[in-house]
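Asks: Numbering (the working numbering), first residue to last: 2 to 398. From the three backbone atoms N, C-alpha and C, an ideal C-beta is built for every residue, glycine too.
#1: Helix, strand or coil, according to DSSP, for residue 186 in the structure here?
#2: On the criterion of 16 or more Cβ atoms from any shown chain inside 10 Å, does residue 40 qualify as buried, or is it exposed?
#3: Taking DSSP as the reference, what is the three-state secondary structure of residue 283?
#4: From the DSSP output, in three-state form, read off residue 207 for me.
#5: Taking the straight line between their C-alpha atoms, what separation do you get for residue 210 and residue 371?
#6: Alpha carbon to alpha carbon, what distance is there between residue 321 and residue 293?
#7: Measure from the alpha carbon of residue 254 to the alpha carbon of each residue in 134, 241 and 287, then state which is nearest.
#8: DSSP three-state call for residue 221: helix, strand or coil?
#9: Suppose contacts are defined by Cβ-Cβ distances below 8 Å. Is residue 189 in contact with residue 30 by that definition?
#10: Return the chain-ordered ranges of every alpha helix (DSSP H) run that is complete within the segment 62 to 107 and spans a minimum of 4 residues.
#11: How would you call residue 82, buried or exposed, if buried means at least 16 neighbouring beta carbons within 10 angstroms?
#12: Output needed for residue 144: all residues of its chain with C-beta closer than 8 Å, excluding positions within five of it in sequence on either side, in chain order.
#13: Three-state secondary structure (DSSP) at residue 148?
#14: Buried or exposed: residue 186, going by 16 or more other Cβ atoms within 10 Å of its Cβ?
#15: Below 6 Å CB to CB, which residues in the same chain sit around residue 35 once its five sequence neighbours on both sides are set aside?
#16: Check whether the Cβ atoms of residue 264 and residue 310 sit closer than 8 Å, and answer yes or no.
#17: Measuring CA to CA, which of 55, 348, 124 and 129 is closest to residue 336?
#18: Could you check the C-alpha separation between residue 101 and residue 119 for me, to the nearest Å?
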């Protein structure tokens, strides 16, 4: 991760800007670059050093028609091969869980924006960017700041460091953000700007979108119940005790007693939210877990603080329980986060439960899930061997 020094980075912690929303570029930022802009310029007869869209709009009608045909043809092919960039969905979900609005500004067409929403973003369960402004929706293309001004107005926000512009072009994205007076993040996967090229004064420079959440957490104050400004998430709570007969039997490992109980008792949670299954997983009672699953209890039910049975087993390092939960046919959700956005793999990594980490990785747990502070499981452990296990699993995908 690379962070370039800027005035934003010198702010005292108490004066950190409160993040109010994030605006994204599309091509090369949210998506893997798949448009050959050099070819596009050549086919349109526009030198690379010139702004393509501005040049096309000043052409004669015949030349302009031909140029738009080239652009739309190449963009159409780009839609057919569009692929989201590493970390795009994880970042989108992280911002959504923090309740932060997201917008899109692109020099691409409205057709491409619709394709993104219908075929990539929406299918992942993420809300559409709003506003989502293409070249067809604005009078002035980037880097003119008019689009950011319109977004701030739509969000009922003031332009300033509390808004963040994220893009891969120093001139069209970072210059765009600077012109509007907002914070900026440059996505630079090929590391061109570490080699001496100008970053146009980007406040943040990253290799991958997957790095951005943790950097946002360190740079901005985050509003909301999961954010850095919330006292709720810092409150330590005492561990609950099992209250119902079924929950106590689960903790005691009393399979016979549980088999004699009505099914509704096996499904019922106590006041902590824990069901007998969650209690059994927390207590390391693999035989109880196996019996309860055979009785048809819900494997992904959330208990105390939103933790599932697999989360509790990972946290405690109960490998025998994990093997039961991860066995074929259980329908277990490997990545269901708790109330603080911690996945089961986060727990196993943080608590340095090496075998639990191995079991979760072998089962296909996500190595890129993000906790509320924007950390992946590899960044949430102090054990270098566990970190390497997770990074190797990520690299093998």
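Replies: According to the structure data:
#1: strand
#2: exposed
#3: helix
#4: strand
#5: 12 Å
#6: 15 Å
#7: 287
#8: coil
#9: no
#10: 62 to 81 and 89 to 98
#11: exposed
#12: 172, 173, 174, 176, 177 and 180
#13: helix
#14: buried
#15: 79 and 82
#16: no
#17: 348
#18: 21 Å
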